[in-house]
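Participant: In this note's numbering, the protein residues as written are 89 to 209.
We put the beta carbon where it would ideally sit given N, CA and C, even for glycine.
Remember, predicted model here, so these are calculated numbers, not experimental data.
Provided herewith is a single structure, encoded as structure tokens, for subsequent inquiry.
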């Protein structure tokens, strides 16, 4: 959820705003004289924003989209055989390393892991 608040109010309530951004994943737009001038988001969201501005990530996204447009992709049935949707999701997440407890990896690392295991198919 995005909240628009005056800069003066944000200054007074900064601790509460930061906690809400971190714990509740809320976003805040700070306004000066009604004009948006800054934002406050939790660190996870900021990491995603910064990652999406990474030229290498943009390149990989574009390459994947071009592969999709040219029919160079495989669906999950081709990769994993016929399974229930939940099993497909678990296979993909496991390949990307997301099923390991408390393991957080970047999109770049997830792509590397997927490509490493993709060759098996």
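Would you give the residue range spanned by the alpha helix (DSSP H) that residue 115 belongs to?
Facilitator: DSSP places residue 115 in no alpha helix (DSSP H) but in the uninterrupted beta strand (DSSP E) bounded by 115 to 120.
Participant: I need the DSSP call for residue 208, collapsed to helix, strand or coil.
Facilitator: Caution is warranted here: a pLDDT of 47 is assigned to residue 208, below 50, making its placement in the model unreliable, and no coordinate value can be reported.
Participant: For residue 109, is the classification buried or exposed, using 16 other Cβ atoms within 10 angstroms of its Cβ as the cut-off for buried?
Facilitator: buried
Participant: Rank 128, 89, 123, 111 by C-alpha distance to the C-alpha of residue 99 and give the top, closest one.
Facilitator: 128
Participant: Which same chain residues end up closer than 6 Å to residue 155 when comparing Cβ atoms and leaving out the 5 residues on each side of it in sequence?
Facilitator: 161
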